[in-house]
Amino acid sequence: MMSKVEKISAIRGMNDILPADAAAWEHLEKTLHGLTRAYGYESIRTPIVESTALFKRGIGEVTDIVEKEMYSFEDRLNGEPLTLRPEGTAAVVRATIEHNLIYDGPKRLWYTGPMFRHERPQRGRYRQFYQFGIEALGFAGPDIDAEIILMGQRLWDELGLQGVRLEINSLGQADERAAHRAALLAYFEKNSGQLDEDSQRRLATNPLRILDSKNPAMQNLIEAAPRLLDFLGSESLRHFETVQALLKANNVHCKINPRLVRGLDYYNLTVFEWITDSLGAQGTIAGGGRYDPLIERMGGKPAPACGWAMGIERVIELMKASNSIPESEAVCDIYVCHQGADTLSSALIAAENLRSAGIDVVMHASPEGTPSSFKSQMKKADASGAAFALIIGPDELAQESAQLKDLRGGGGQRMIPLNDLLSTVIDALVASSSD
């Protein structure tokens, strides 16, 4: 007697996307493609695996992602340190520099795909998660900051999402952050007894990141800390005020959050997040900002840039909460029924001819390998969502014909010659779609 074979399950936090979820994913992807076309953004695809040094330099070594969350390993063939990408911006910047993409002028780019972070799985947050992002490279003015924020607002409107709010801040420039950092360091050193373990560590490396702490016990301390906005010079203030004015002119409401710093080291000037209260404590569904220093930091010629990214699973969770997921579309236009033997060959020929004309066809296949009854097949045809069933049995084959049954419009059933099949089916589909 054979021993029971142990089943293998997916890795925790790395989930299957099943057919039942297809309608939500396809609707979101279609909306995103339309959004990027509307704003003139072009697609870029980068590898899932990159050099570990790319993310250490790009994201910053003193960040949660680099310190705790990256899936890094050594290539056993050559010893090269490699990492599954935890985010998209560093990879896009690497590709931009490597292929000299902005030598002939600025570029508007978008990307999508799986990212990987080893964090505690929770609602909408997984160890393999999917991200969509946009990057505007080579644009220095506040107009592009406003444009990418307007893109996000348009996306939420088109998806029909409820309860999404925009928070923005300015991180200024390096010298302004240095002055703020000194004041922040003095403040937190004075109150070091109230800092948790993570914040104690960040005090010596990057005290600005303490402002990003979600520890409830530290919120009063953070609220009273020196504000970066108070250290901004005239140019940084003018940039930030122009972004706000452009958003207001387009009826996009935002809240200034002086504690918003984002979690990565490459940002300057405008930063922003879209937040919801519908998904629990981790309410950010998308965020980004300006990262002018990054291209030079990564070895390219200095060039301004900004962008944002969103977690696709979190947006789909919000789509569910907002009841904005459309019903699944029919899997086919025509469902072909047959009785095996000679009718199978004729049914297969008919199905292929219809597909060649651009018609979506599902041909019945019995799970048992023997022909199912027509009654059973018609139940499958109705469940498929097809507009019509095409029936080829022995009686139909003897007359070199097929029966076309209207499954949706109550048009009944009629016999049609096989040599006139294509034109008749096309006419029937056109008529049914106009009803």
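Numbered by the working numbering, the letters in the sequence shown go through residues 54 to 488 in order. Beta carbons are placed, not taken as given, at the ideal position from N, Cα and C, and that holds for glycine. In this text the structure is predicted, and so the values were computed from the model without any measurement.
ALA239 and GLN272 have their C-alpha atoms spaced approximately 18 angstroms apart. A straight line joining the alpha-carbon of HIS171 with that of TYR124 spans about 7 angstroms. If you draw a straight line from the Cα of GLY364 to the Cα of ILE263, it comes to about 24 angstroms. Annotated three-state conformation of MET271 is helix, per DSSP.
Looking only at SER485, GLY213, GLU326 and ILE479, the smallest Cα-Cα distance to GLU220 is reached by GLU326. Annotation for LEU137: no alpha helix (DSSP H) segment contains it, though the beta strand (DSSP E) segment containing it runs 134-137. Three or more Cβ pairs closer than 8 angstroms define a contact, and the stretch 284-299 meets that threshold against the stretch 195-208. Cα atoms of LYS354 and ILE348: separation of roughly 7 angstroms, rounded to the nearest angstrom. With a threshold of 16 other beta carbon atoms within 10 Å, GLU380 falls short and is exposed. Beyond the five residues adjoining it in sequence on each side, ASN310 comes within less than 6 angstroms, by CB distance, of GLU220 and ASN222 in the same chain, given in chain order. Per the Cβ contact rule, the stretch 181-197 is in contact with the stretch 141-158 (3 or more Cβ pairs under 8 angstroms).
With contacts defined by Cβ atoms closer than 8 angstroms, ILE97 and LEU137 do not form a contacting pair. Note that the C-beta distance between VAL478 and LEU401 is not below 8 angstroms.
VAL146: member of the alpha helix (DSSP H) spanning 142-151, first to last residue.
Under the DSSP assignment, ILE187 falls outside any alpha helix (DSSP H), being part of the beta strand (DSSP E) whose first and last residues are 181-190. Our two residues, LEU135 and LYS121, have alpha carbons roughly 15 angstroms apart in a direct line.
With distances taken between CA atoms, SER287 lies nearest to GLY225 out of GLY225, LYS160 and GLU250. Residue range 447-451 is occupied by the alpha helix (DSSP H) that includes PRO447. Ranked by Cα distance from SER409, the options LEU474, PRO447 and VAL368 are led by LEU474. Cβ contact annotation for ILE445 (same chain, cutoff 6 angstroms, sequence separation greater than five): HIS391, THR396, SER399, ALA400 and ALA455, in chain order. Pairing ASP345 with ASN321 gives a Cβ-Cβ distance under 8 angstroms.
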